[in-house]
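The next block holds one structure in the form of structure tokens; read it before the comments.
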Amino acid sequence: MAPMTSPFASETFTLDGKPTPFAPGQTVLEAALAAGHYIPHLCWHPEMGNHGSCRLCVVEANGRIHASCALPAQPGLQVVSKSETLTRVRRTLLEMLFAEGNHFCPGCEKSGDCLLQALAYAHGMTASHFDPFYPQRRIDASHPDLWLDPNRCILCGLCVRASLAEGKEALVIGGRGIASRLLATSPSGLLGDTALAATDRAARICPVGALNFKEVGFASPIGKRRFDHRPPEAMSDKERYT
Amino acid sequence: MATERQRTAPGLLAALHQARLRWGNPLEEPALAELSAAFALPPGEIAATASFYHFFQTPPARYQIHFIDHVVDHHAGIEALCNRLCAAFAIQPGERTADAHLFVGWTACAGLSDQAPAAIVNGRPLPALTPERIDAIIDAIRAQIPVAEWPAEWFAVANPVYRRGPLLTWLHATPAAAVLEQLSAREPEAILQAVADAGLRGRGGAGFPTATKWRFCRETADPTRYLICNADEGEPGTFKDRLLLTHYPDHLFAGMTLAARAIGAQTAMLYLRYEYQYLLPKLEAARERILAAQSQLPPSERITLEIALGAGAYVCGEESALIESLEGKPGRPRVRPPFPVTSGYLGQPTVVNNVETLVAVAAIVGNGPQWWRSMGTPDSSGPKLFCVSGDVARPGLYEFPYGVALGDLITAARPLGTPYAIQVSGPSGTLLPATPEQLARPLAFEALPCNGTVMVFDERRDPVAIVRHFARFFAHESCGFCTPCRVGTQLIAKTFAKIAAGYATRFDLERLAPALEAMRLASNCGFGLSAGNPVRDLIAYFRPRLDAHLQPHDFLPAFSLDAELAATRRLTGRDDTHAHLAQFEQPEAAR
Ligand SMILES: Cc1cc2nc3c(=O)[nH]c(=O)nc-3n(C[C@H](O)[C@H](O)[C@H](O)COP(=O)(O)O)c2cc1C
Ligand code: SF4
Ligand code: SF4
Ligand code: FES
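These protein sequence lines map, in sequence, to chains H and S.
Okay, so the first sequence: first residue is 98 according to the working numbering, each after it adds one.
Okay, so the second sequence: first residue is 1198 according to the working numbering, each after it adds one.
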């Protein structure tokens, strides 16, 4: 079949008024990031692709709201990624995540290094409007090198996908609704009984303070942490992601 | 790219049901080990699936009774009945007796709103409960009579039809096999054309043109395709598919066969909600008959027919969640695109259609598209089954053509009092005031869209309490995958619990506004997109009733002072007046 357009003509869609090129198969989020145009996101990751659960990456495309991490770029698509409504929705989503978990930043070793916290700052979130849920999920410290605080897990599925990709399936998300939770896949349900190793990609990918290394907390002083001086938006891929 | 959430394991739900029968609890260690080996999955993935479905959570007990936690059942006195049973065995709902014989809990609407109040025992329906029936059940449990030996009339689900039209008349008069014997029934293009000419739109809620969906699927390059019949019927207040599954399963399997032919699928699967498992023997027999009706055909033209059973999750009615469930995974709706028509069951092109849609396909092929088109409105052709429940003398099924006025449908069901509020299309639909303007609106996709569900509430009912029930339902049934719905449904439920407790203010309502916005705009599927509708309608149409529940103060604590003392009361074994705190008065003043 003959291609409809010349393979040399770069196809574009419109992103916040600017023509933005894209490669076949790219999503709006991927094309935007490749063009240096930041759209906030938590559960998409350059190595792991999309998940579609955080919903922070919402944009308006041809008049309808979509998650940009799942929306294929198409020629002629009119995308708005910055608007008052979208910023408000994103801030609400961040407030929801804060209310749902126990995110007591001052006491968390991931503070300053946490994508959730950094995005909350970037969206001008000063406090949560919602009453906190104060979950009391059991901390799993059974692993020799790692520990899991499920009360800080935002269910982004990054560790799940990373572990599946490296053939271990050490983690999975179980339960339903507000009782959804990260499960270790071992018969005992404990992290220490899975094949998860500290050197695994899955062990290092958590964007928040849920899946952590033991004995290395508070390694960087305040002022030297990843997000202390710049928001995620102003960073390269290499700096932005864990 | 690792976008997979969990590995597929078709048949896992069926195996979990088996494990529950054998071990009591599918998550017992031996059960888990066996399933893990059989499906070559780590135990945690089995647990992830099992922990998603309501009926896999029930603790093992000889008698497992779930009362229906649906607003119509509550209005019919279900809570008193549940308490009566619990009191007899000194347990609370959600608990099991010390001897592990009896468990009593709650569950969402089980498609029995026309015979509320109802319950389910060991997966079998107990419709039209009365205090006397509860007492008889208490006696049966005390005497340790197995559920299989309980009187058959306790389980007799009636299917009252108060208005028959051309569709039900045709179904009654025409054997399904006769449709399949027609020449046109063997021609995929002829089937598709008939359904297109009839203008058939999906009866499951969204009203998508059936032929268009089929064409998308048929035109995919992949020759392995699936047709799935959605018999999850979970929208509270809905029971129209129950009648079709009970009385016309042959026509349903014939319709599935025709649809599968039209899209070039080799396999057609029926996904049945767990609460309808009592229909399995009937459905199995119908499946065999329709398979037999194909036996004259060359093997390449035969359609394989299968039946799968859910396990208690309303969200599995959403088509991509249903597919995930069939694949043995938690029923979390997929992120789209891709859509099922290009990548559905096991990644193959798949069409999901509602029960009523597929029965309509059989009727259209059997009786001709012109017949169908001659009924209804130009944009909403054909007859429609409506289920009316609530405060009416004749709760049950009504066949009307699309375009019937809401008020005419309600009048046919003989309201008990003066209708005050009407819920159209279930909780995820619209809550309307019963004003003349609203009652005059025609039920049709282009006017007042309706999946067939209408609940009538008269002046005795408080719309705020109705919305609180719906809020609890959504909070319980959210799949939990995406942020706005997982957290938003909780925020709504908590706010309405606070309103019911009498210490909510206007400020609490205002705080909910951004959550409703995020749900409506940013949710991953139709569940979260519409779960805020009842609150939206309450504010739009019943604001004075809502305001009457709100405290005039600007702000009150988010918690109940008294509830905070509950743990201390339990620890100290006290429950006297001095062990309680009032929310507004000084405790001193209360003394
Ligand atoms: C939360 C949710 C629940 C649903 N439940 C059902 C259901 O119980 N039965 C049904 O047929 N469709 C249900 N649907 C609609 C299905 O996703 C799908 O659109 C339908 O089965 C398609 O069939 P139709 O085109 O024949 O209507 C539901 C949708 C959502 C978002
Ligand atoms: S532990 Fe971290 S990476 Fe894993 S799902 Fe939770 S937040 Fe995401
Ligand atoms: S909207 Fe609700 S039901 Fe749908 S995917 Fe999100 S959490 Fe699940
Ligand atoms: S990045 Fe798109 S939903 Fe999370």
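Where is the CB? At the ideal position from N, CA and C, for every residue including glycine.
Boundaries of the beta strand (DSSP E) in which residue i is found, first to last residue
| i | result |
| --- | --- |
| residue 1587 of chain S | 1580 to 1587 |
| residue 1265 of chain S | 1260 to 1265 |
| residue 1620 of chain S | 1616 to 1621 |
| residue 1653 of chain S | 1650 to 1655 |
| residue 1426 of chain S | 1423 to 1428 |
| residue 157 of chain H | 155 to 158 |
Short Cβ contact (7 angstroms threshold) for residue i with residue j
| i | j | result |
| --- | --- | --- |
| residue 1682 of chain S | residue 1725 of chain S | yes |
| residue 244 of chain H | residue 309 of chain H | yes |
| residue 1679 of chain S | residue 188 of chain H | no |
| residue 260 of chain H | residue 270 of chain H | no |
| residue 1452 of chain S | residue 1556 of chain S | yes |
| residue 1322 of chain S | residue 1354 of chain S | yes |
| residue 1373 of chain S | residue 1448 of chain S | yes |
| residue 1798 of chain S | residue 331 of chain H | Here chain S comprises residues numbered 1198 to 1788, so residue 1798 of chain S is not present and cannot be evaluated. |
| residue 1440 of chain S | residue 1606 of chain S | no |
| residue 1517 of chain S | residue 1534 of chain S | no |
| residue 291 of chain H | residue 267 of chain H | yes |
| residue 1299 of chain S | residue 1260 of chain S | yes |
| residue 305 of chain H | residue 249 of chain H | yes |
Helix, strand or coil at residue i according to DSSP, with G and I counted as helix
| i | result |
| --- | --- |
| residue 1370 of chain S | helix |
| residue 181 of chain H | helix |
| residue 1414 of chain S | helix |
| residue 1520 of chain S | helix |
| residue 108 of chain H | coil |
| residue 1352 of chain S | helix |
| residue 1318 of chain S | strand |
| residue 1544 of chain S | helix |
| residue 237 of chain H | strand |
| residue 1788 of chain S | With a pLDDT of 36 at residue 1788 of chain S, under the threshold of 50, the predicted position of this residue should be treated as unreliable, and no value is reported. |
| residue 1766 of chain S | helix |
C-beta neighbour in chain S for residue i, strict 7 angstroms
| i | result |
| --- | --- |
| residue 296 of chain H | no |
| residue 238 of chain H | no |
| residue 118 of chain H | no |
| residue 329 of chain H | no |
| residue 155 of chain H | yes |
| residue 280 of chain H | yes |
Span of the alpha helix (DSSP H), counted from its first residue to its last, around residue i
| i | result |
| --- | --- |
| residue 1452 of chain S | 1446 to 1460 |
| residue 1391 of chain S | 1385 to 1395 |
| residue 1567 of chain S | 1566 to 1570 |
| residue 1551 of chain S | Per DSSP, residue 1551 of chain S belongs to no alpha helix (DSSP H); it is in the beta strand (DSSP E), 1547 to 1551. |
| residue 1593 of chain S | Looking at the DSSP string, residue 1593 of chain S is not in any alpha helix (DSSP H); the run it does join, the beta strand (DSSP E), is 1593 to 1598. |
| residue 1280 of chain S | 1275 to 1285 |
Any C-beta of chain H under 7 angstroms from that of residue i
| i | result |
| --- | --- |
| residue 1217 of chain S | no |
| residue 1245 of chain S | yes |
| residue 1580 of chain S | no |
| residue 1784 of chain S | Per-residue confidence for residue 1784 of chain S stands at a pLDDT of 39, beneath the threshold of 50, marking its modelled position as unreliable; no derived number is given. |
| residue 1719 of chain S | yes |
| residue 1248 of chain S | yes |
| residue 1684 of chain S | yes |
| residue 1680 of chain S | yes |
| residue 1373 of chain S | no |
| residue 1467 of chain S | no |
| residue 1240 of chain S | yes |
| residue 1711 of chain S | yes |
Any non-hydrogen atom of ligand 5 closer than 6 angstroms to residue i Cβ
| i | result |
| --- | --- |
| residue 187 of chain H | Inclusion of ligand 5 in the displayed structure is not the case, the ligand content consisting of ligand 1, ligand 2, ligand 3 and ligand 4 alone. |
Worksheet item: When the Cβ atoms of the region 251 to 259 of chain H are set against those of the region 282 to 302 of chain H, are three or more pairs found closer than 8 angstroms?
Response: yes
Practice prompt. Would you be able to state if there are at least three C-beta pairs under 8 angstroms between the region 1486 to 1497 of chain S and the region 1364 to 1371 of chain S?
Written response: no
Item to complete: Would you check if there are 3 or more beta carbon pairs closer than 8 angstroms linking the region 1520 to 1540 of chain S to the region 1393 to 1403 of chain S?
Response: no
Practice prompt. Flag this pair as touching only if the region 1596 to 1608 of chain S and the region 1705 to 1713 of chain S have three or more C-beta atom pairs under 8 angstroms; answer yes or no.
Written response: no
Worksheet item: On the three-pair Cβ rule with 8 angstroms, is the region 1684 to 1692 of chain S touching the region 1669 to 1676 of chain S?
Response: yes
Worksheet item: Are at least three pairs of beta-carbons, each pair with one atom in the region 214 to 234 of chain H and one in the region 171 to 182 of chain H, less than 8 angstroms apart?
Response: no
Worksheet item: Counting Cβ pairs, one atom from each stretch, are 3 or more of them under 8 angstroms apart for the region 305 to 321 of chain H and the region 205 to 215 of chain H?
Response: yes
Worksheet item: Does the region 1559 to 1569 of chain S touch the region 1468 to 1484 of chain S, meaning 3 or more C-beta pairs lie closer than 8 angstroms?
Response: no
Worksheet item: Taking a cut of 7 angstroms between CB atoms, which residues from the region 1437 to 1465 of chain S lie near chain A?
Response: Any reference to chain A falls outside this structure, whose protein chains are H and S.
Worksheet entry | Touching by the beta-carbon criterion (3+ pairs, under 8 angstroms), the region 188 to 199 of chain H and the region 227 to 235 of chain H | yes
Worksheet entry | the region 1655 to 1664 of chain S / the region 1606 to 1615 of chain S touching (three or more Cβ pairs under 8 angstroms) | yes
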